[in-house]
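Q:
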Amino acid sequence: METGIARHGSPEALESRVHRGTNQSGMRDHNERLVLSLVRQHGSLAKSDIARMTGLSAQTVSVIMRELEEDKLLVRQAPLRGKIGQPSIPMALNPEGAFFIGLKIGRRSAELVLIDFLGNVRAMLQHSYRYPAPRETVEFVTAGIKTMRGELTPAQDKRIAGLGIAMPFELWNWADTAGAPREIMDEWRHRDIRANIQAQCEFPVYLQNDATSACGAELVFGRAGGARDFVYFYIGAFAGGGIVLNGRLYSGPNGNAGALGSMPVPGPDGKPTQLIDVASIAMLEKAISAKGIDGSYLWTSPQEWGEIGPDLDEWIASASRALAYAIVAASSVIDFEAAVIDGWMPLDVRRRLVDAVTEAIAGIDAEGLKLPVVREGTVGIHARAMGGASLPLSERFLIGPNTSGGA
Numbered sequence: 003m004e005t006g007i008a009r010h011g012s013p014e015a016l017e018s019r020v021h022r023g024t025n026q027s028g029m030r031d032h033n034e035r036l037v038l039s040l041v042r043q044h045g046s047l048a049k050s051d052i053a054r055m056t057g058l059s060a061q062t063v064s065v066i067m068r069e070l071e072e073d074k075l076l077v078r079q080a081p082l083r084g085k086i087g088q089p090s091i092p093m094a095l096n097p098e099g100a101f102f103i104g105l106k107i108g109r110r111s112a113e114l115v116l117i118d119f120l121g122n123v124r125a126m127l128q129h130s131y132r133y134p135a136p137r138e139t140v141e142f143v144t145a146g147i148k149t150m151r152g153e154l155t156p157a158q159d160k161r162i163a164g165l166g167i168a169m170p171f172e173l174w175n176w177a178d179t180a181g182a183p184r185e186i187m188d189e190w191r192h193r194d195i196r197a198n199i200q201a202q203c204e205f206p207v208y209l210q211n212d213a214t215s216a217c218g219a220e221l222v223f224g225r226a227g228g229a230r231d232f233v234y235f236y237i238g239a240f241a242g243g244g245i246v247l248n249g250r251l252y253s254g255p256n257g258n259a260g261a262l263g264s265m266p267v268p269g270p271d272g273k274p275t276q277l278i279d280v281a282s283i284a285m286l287e288k289a290i291s292a293k294g295i296d297g298s299y300l301w302t303s304p305q306e307w308g309e310i311g312p313d314l315d316e317w318i319a320s321a322s323r324a325l326a327y328a329i330v331a332a333s334s335v336i337d338f339e340a341a342v343i344d345g346w347m348p349l350d351v352r353r354r355l356v357d358a359v360t361e362a363i364a365g366i367d368a369e370g371l372k373l374p375v376v377r378e379g380t381v382g383i384h385a386r387a388m389g390g391a392s393l394p395l396s397e398r399f400l401i402g403p404n405t406s407g408g409a
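Quick note: the sequence shown uses the numbering used here, first residue 3, plus one each step.
1) Should I295 be labelled buried (16 or more other beta-carbon atoms within 10 Å of its own) or exposed?
2) Please classify V376: does DSSP put it in a helix, a strand, or coil?
3) Given E268, which residues of its chain have a CB within under 8 Å of its CB, disregarding the five upstream and five downstream residues?
4) Can you give the beta carbon distance from G108 to L127, rounded, assuming they're within the 8 Å contact cut?
5) So for S334, helix, strand or coil by DSSP?
6) Starting from H192, trace the beta strand (DSSP E) both ways and give me its first and last residue.
7) Please return the same chain residues whose Cβ sits closer than 8 Å to the Cβ of L75, not counting the five positions on each side in sequence.
8) Since I believe I103 is in contact with I162 (beta carbons under 8 Å), could you give me their beta-carbon distance rounded to a whole number of angstroms?
9) Straight-line CA distance for V140 to N198?
10) How far does the alpha helix (DSSP H) with E113 in it reach, from first residue to last?
11) What beta strand (DSSP E) runs, 3 residues minimum, are completely inside the stretch 252–309?
12) Can you tell me which of Q158, W190, L247 and R184 puts its alpha carbon nearest to the alpha carbon of E172?
13) Which same chain residues end up closer than 6 Å to M169 when comparing Cβ atoms and leaving out the 5 residues on each side of it in sequence?
14) Please report the distance separating the alpha-carbon of G218 from that of D188.
15) Look at the Cβ atom of F142, then the Cβ atom of V233, and state whether they are nearer than 8 Å.
16) Pairs of beta-carbons, one from the stretch 328–335 and one from the stretch 371–388, closer than 8 Å: are there three or more?
17) For the beta strand (DSSP E) containing K106, list its first residue and its last residue.
18) When you compare only the Cα positions, how much space is there between G243 and A387?
19) Along the chain, where does the beta strand (DSSP E) containing M347 start, and where does it finish?
20) Bridge partners for F232 per DSSP, in chain order?
21) Compare the Cα-Cα distances from G390 to each of A284, R196, E153 and E361 and report the closest residue.
22) Do G297 and S303 have their CB atoms nearer than 8 Å?
23) Compute the beta-carbon to beta-carbon distance between L395 and V222, rounded to the nearest angstrom, for a pair I have assumed lies under 8 Å.
24) In this structure, how does DSSP classify L58 when only helix, strand and coil are distinguished?
25) Around the Cβ of N175, are there at least 16 other Cβ atoms within 10 angstroms (buried) or fewer (exposed)?
26) How would you write the range of the alpha helix (DSSP H) that V143 sits in, first residue to last?
27) Measuring only the C-alpha atoms, how far is S264 from L154?
28) Specify, as a first and last residue, the run of the beta strand (DSSP E) that R1 falls within.
29) Report the partner residues of L393 according to the DSSP bridge assignment.
30) Going by the CB atoms, is the gap between A340 and V280 shorter than 8 Å?
Here's what the structure looks like:
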């Protein structure tokens, strides 16, 4: 049934529309999400294009798009002339339609990002540390949200539709690897960080694994090249990843699907080890520190590492071999179209790593498999924070590209 779409154009309704709950049901909600998802995917679409793509009647599409325009989620573009009949008027997403906050809690740094409805970054804050402490993290978030909201107009502030947290699950288990005091890391075991932040916000707060969130950012904001099934690796302090199936992020019943950092791969001595113990940037820092050099710049200057020399060459060689085996292993389970590699690293290092992975795969016996194309990610160093911001965007305005840990 395609009728019965209620009108809600009053100012009060517009505000409640952005802040309404995420458990809406019914044809209206689904169809509006479908339209917004298609417009996001294609940049702009006319009513006739959407009717053709969705199978909805022209009248239904017209009503939906009028509602979305009144709610300031869509804006009209210049008419397309030159065809017989009335000129076609494409509709595009309104950048001011909604705003989202993303928080990345990493093992060596935290990031807070504010994006608009198109995914443009409006504000970004970063806090580096030797290890994450719950109290300091909450203080950083509290001050950061206040700063970001203070730079918005009252109308923009009312359109903040949610905050998403991207962080490693069971962070307390990484105390030894992160070189952090166990008593500090154990605080995470008893801390409900989502509830702590939710208590400060009138909009919903979501939580998801950090590497899975980065994968979600690639899906929502990246340029996936049309791939609907891909395996994704994010190389940060520790390596992790996610998987996309049929154009949707799949996180599994416990949120741990695509826990690629735990995948067994051959170690430097040929014995099995985990990907996280070879391909993580923490391994590069360890090699640098062994020579008495402070490697903290790896976390504070991800856009430019400068000249590292043989240590970087050796890390790329070992990390690429491990990633190659991980990609081949993953491909024996699911027929992926692409393997995407991104990370907290300069673009030239990422390019070198991807090229080395492609070369390493060629030396692995993959008979019987059709291996995916290996390519660079397109979101970059802020993928985890952007992925956090994508959680409320996906949960509230799109058709199932993301699977969050809940609000």
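The beta carbon of each residue, even a glycine, is placed where N, CA and C say it ideally should be. Note that the structure is predicted; figures quoted are calculated from it, not measured.
A: Quick answer:
1) exposed
2) strand
3) According to the sequence shown, residue 268 is Pro rather than Glu. Same-chain partners within the cutoff: P274, T275, R323, A324 and Y327.
4) Contact doesn't hold; Cβ gap of about 14 Å is too wide.
5) coil
6) Neither: H192 is in no beta strand (DSSP E) and is coded neither H nor E.
7) L38, L95, N96, G99, A100, F119 and F399
8) 7 Å
9) 8 Å
10) No alpha helix (DSSP H) holds E113; the beta strand (DSSP E) holding it covers S111 to I117.
11) 266–268 and 274–276
12) W190
13) I107 and D212
14) 28 Å
15) no
16) yes
17) F101 to I107
18) 14 Å
19) First-last for M347: undefined, no H or E at that position.
20) V246 and A340
21) R196
22) no
23) 7 Å
24) coil
25) exposed
26) P136 to G152
27) 41 Å
28) Limits of the chain in this structure are 3 at one end and 409 at the other, which puts residue 1 out of reach.
29) For L393, which the question treats as bridged, DSSP gives no partner whatsoever.
30) no
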